[in-house]
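Enquirer:
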Amino acid sequence: MWGKVFGAAIGFVLGRFPGLIFGIALGHMFDRSLARQFDRAGGFSAIFGQPQVSDQAFYFYALFSVMGHIAKARGRVSPRQIQAAAALMNQMQLGSEARHEAQAAFREGKDPAFPLKRTLAEFHHACAGRHDVLQVYLEVQIQVAFAEGPLDAAQRTLLTDVALQLGFDAQSLAQLLTMIEAEMAFRRHQSKSEQTHAASSHHGALREAYRLLGVTKAADDTAVKKAYRKLMSQHHPDKLVAKGVPEEVMHLAKQKTQDIQAAYELIRSHRKSHS
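Note that the working numbering has the sequence shown beginning at -15, numbered continuously upward.
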């Protein structure tokens, strides 16, 4: 059952190949037919510094291959989506070998024959009981999907299918879509506000700050703080690492916690100055 999927998963590290015998330890011995790919990849330690090699490789393969599949939902992968995926790799601080394998997984996901349902089913099984890990994974997929702007019907349908397979209902997906869209808009407004000090940018950032936290302007301070603490808990890097999220992905989690904190501080500052 695991052979084909985990073979593809480790293929993120080793490149495409028909079969794989693997173990958890870095020193696990490979079939002679796989030795060339393993040597070419520089070994697992060239990419992963943790002992859970198979889990880490599976996470990365599932992340970038499914990302490629979603990007192709529009019919073609746009330059913006490619740039977004590249920016993600930069943010994750992937080395040259890891980046090469991530790109290979992304290309594999674009293939119409890519086994999306099977890959997600095995990924969901591997992450059983780790809802936060699955949520971070889904959030990354949504973030890259938004690179081209508002989602079209095909992307929205595909993201809904992905979310459902990972155990998220339609309402949960809608909340995540709103949060990610707000986070990206919040960053843009914050950047423009810092550069121009324009009042419109400040108001735009404030509007998106509320959306990012999932509360309305009418929410009292207690409700705002509760929403803030919940999001910070869900995305705390140390907590996610303990649950099996690769350390490379923690760079994304750190950025998100910074955005959440910045949104909360902006709301607090605005309320204090208008009280």
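Ideal Cβ placement from N, Cα and C applies to all residues, glycine included.
How is the alpha helix (DSSP H) around P221 delimited, first residue to last?
Expert: Note, P221: alpha helix (DSSP H), 221 to 226.
Enquirer: Can we say the stretch 101 to 112 touches the stretch 39 to 53, given the rule of at least three CB pairs closer than 8 Å?
Expert: yes
Enquirer: Hey, A125 and V50 are a contact pair by Cβ (cut 8 Å); roughly how many whole angstroms apart?
Expert: The identity of residue 125 in the sequence shown is Gln, whereas the question assumes Ala. That pair is a contact at about 6 Å.
Enquirer: Please classify A97 as buried or exposed, where buried requires at least 16 other C-beta atoms within 10 Å of its C-beta.
Expert: By the neighbour-count rule (16 or more Cβ atoms within 10 Å), A97 is not buried but exposed.
Enquirer: Who are the Cβ neighbours of A158 in its own chain at under 7 Å, not counting the five residues just before and after it?
Expert: none
Enquirer: Between the Cα of K210 and the Cα atoms of H235, I244, L161, which residue gives the shortest distance?
Expert: I244
Enquirer: Buried or exposed for K240, please, with buried defined as at least 16 other CB atoms from any protein chain shown within 10 angstroms of its CB.
Expert: buried
Enquirer: Below 8 Å on the Cβ atoms is my guess for L47 versus D116; work out the distance and round it to an integer in Å.
Expert: Going by Cβ atoms, the distance from L47 to D116 rounds to 15 Å, so no, they are not a contact pair.
Enquirer: Can you tell me the Cα-Cα spacing of Q67 and R255, whole angstroms?
Expert: Whole-angstrom Cα-Cα distance: 37 Å.
Enquirer: Compare the C-alpha of E192 against each of K201, R252, A169, A69 and name the closest.
Expert: A169
Enquirer: Just verifying my parser: in three-state terms, what is the DSSP assignment at S62?
Expert: The answer is coil: DSSP assigns S62 none of H, G, I, E or B.
Enquirer: What's the call for G11, buried or exposed, on a 16-neighbour Cβ count within 10 Å?
Expert: In this prediction, G11 scores a pLDDT of 31, lower than 50, which makes its location untrustworthy; no coordinate-derived value is stated.
Enquirer: Please look up how many angstroms separate the CB atoms of L118 and G151, rounded, as I've assumed it's under 8 Å.
Expert: 7 Å
Enquirer: Please report the residue range of the alpha helix (DSSP H) in which A138 lies.
Expert: 137 to 149
Enquirer: If you draw a straight line from the C-alpha of R171 to the C-alpha of H186, how long is it?
Expert: Looking at the two C-alpha atoms, the distance is approximately 11 Å.
Enquirer: Could you spell out where the alpha helix (DSSP H) holding S217 opens and where it closes?
Expert: 205 to 218
Enquirer: Please state the DSSP three-state secondary structure of S49.
Expert: helix
Enquirer: Can you give me the Cβ contacts of L142 inside the same chain, cut-off strictly under 6 Å, excluding the 5 residues immediately before and after it?
Expert: I54, A57
Enquirer: Measuring CB to CB, does E232 end up less than 8 Å from Q87?
Expert: no
Enquirer: Kindly indicate which three-state DSSP category A202 falls into: helix, strand or coil?
Expert: coil
Enquirer: Around the Cβ of Q65, are there at least 16 other Cβ atoms within 10 angstroms (buried) or fewer (exposed)?
Expert: Its Cβ being crowded by 16 or more others within 10 Å, Q65 is buried.
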